[in-house]
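Worksheet: the structure to be examined is printed underneath.
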Amino acid sequence: MTRFWLAVQFLTRLPTPATPDFQPQLLVESARWFPLVGLLLGALLALPLWLGAQLDPWLLAWLGLMAWAWLTGGLHLDGLADLADGLGAAHRDRARLLAVMKDPHLGSFGVLALILQCSAKLVLLMLLARAQGWAALWLIPAWARLGPLFWQGLPPLAPGLAEAFSWRIPQRARLLWLLALLALSAWLAPALLLAPLLLWTYHAWLRRKLGGVSGDCLGAGIELVESALLLAAVLGLKLLN
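Taking the UniProt record's numbering, the leading residue of the sequence shown gets 1, the next gets one more, and so forth.
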């Protein structure tokens, strides 16, 4: 359970037991539990949606967005903002891209990315709350956190988290999580069967556009996949109705 609690500690602000005799390798090995942490996050987000069916959907959406940001500590939003700043200022200069992404200051492109991402999640959460799509919301964070297990196969762009997390995760672990989430999606939210295509598309974009991956790229990918799957879930429920 040590590796699981380390994954919870790394990806969320939830309280976790102390880890005696911590070794960096334990954190590397905890990556295989990222999708399970996603299921935990999804449950915490979906439960109020299910219990608060009589509340105004906009209120539920706002509470859900606040909870999402708090539970993750804004970790992935920070990565999205840094990547947006880097892409906006790089002008196809890789060295410039990496320098801007490392800069702790937030630029105009990062601000715009945060506004668009948060507004997209707010509107999509409202539509999901209106349609009572709690099952999809449970699975979406898990799908997004499966992504890093595949994207990390790319070369690291620079020393940092991506290099430290050059995970040698057994292929079996990735395959088991993929099959489990496919089965749950087919049962509860068929629109989320689009997820593997989204994960592959982002992987292909990273390889073609950047030639590798960084910690910021991983966080940005999680945010983008979450928004895309929220949209897919909403559209899927609309088609069913």
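Backbone N, C-alpha and C define an ideal beta-carbon position, used for all residues, glycine too.
Quick caveat, the model's predicted, so the values are computed rather than measured.
Tell me, please, whether the segment 93-108 touches the segment 42-53 by the rule of three or more beta-carbon pairs shorter than 8 angstroms. no
How many angstroms separate the CA atom of L60 from the CA atom of P20? 39 angstroms
Beta-carbon gap between L65 and L26 smaller than 8 angstroms: no
If we call anything under 8 angstroms between Cβ atoms a contact, is V37 one with R145? yes
Can you check whether the CB of L137 is closer than 8 angstroms to the CB of L128? yes
Mark H76 as exposed unless 16 or more other C-beta atoms lie within 10 angstroms of its C-beta, in which case mark it buried. buried
List the whole-angstrom C-beta distance separating W79 from G219, where the pair is believed to meet the contact cut-off of C-beta under 8 angstroms. Note that residue 79 is Gly in the sequence shown, not Trp. Correct: roughly 2 angstroms between the Cβ atoms.
How would you call Q54, buried or exposed, if buried means at least 16 neighbouring beta carbons within 10 angstroms? exposed
Just confirm the distance between the C-beta atoms of A135 and A189, as a whole number of angstroms; I'd bet it's less than 8 angstroms. 5 angstroms
Leaving out five residues before and five after V213 in sequence, what residues of the same chain have Cβ atoms less than 8 angstroms from its Cβ? W151, Q152, L154, P155, P156, L157, A162, L206
Just list the residues that DSSP pairs P155 with in beta bridges. The partner list for P155 (beta bridge, DSSP) is empty, contrary to what the question assumes.
Do A191 and A232 count as a contact pair if the criterion is CB distance below 8 angstroms? yes
Quick check: the Cα distance between L179 and A142, rounded to an integer number of angstroms? 12 angstroms
State the start and end residues of the unbroken alpha helix (DSSP H) segment that holds residue 276. For residue 276 there is no data in the structure shown, the boundaries of the chain being 1 and 241.
On the CB-based measure, 16 or more other CB atoms within 10 Å of its CB, does W70 come out buried or exposed? exposed
So what does V213 bridge to, in DSSP terms? P156
Option in G110, G88, L11, L181 with minimal Cα separation from T72: L11
Where does the unbroken alpha helix (DSSP H) through Q117 begin, and where does it stop? 108-130
Determine whether the beta carbon atoms of L149 and A31 lie at a separation below 8 angstroms. yes
Buried or exposed by the 16-neighbour rule on C-beta atoms within 10 Å, applied to I222: buried
Does DSSP put D82 in a helix, a strand or coil? helix
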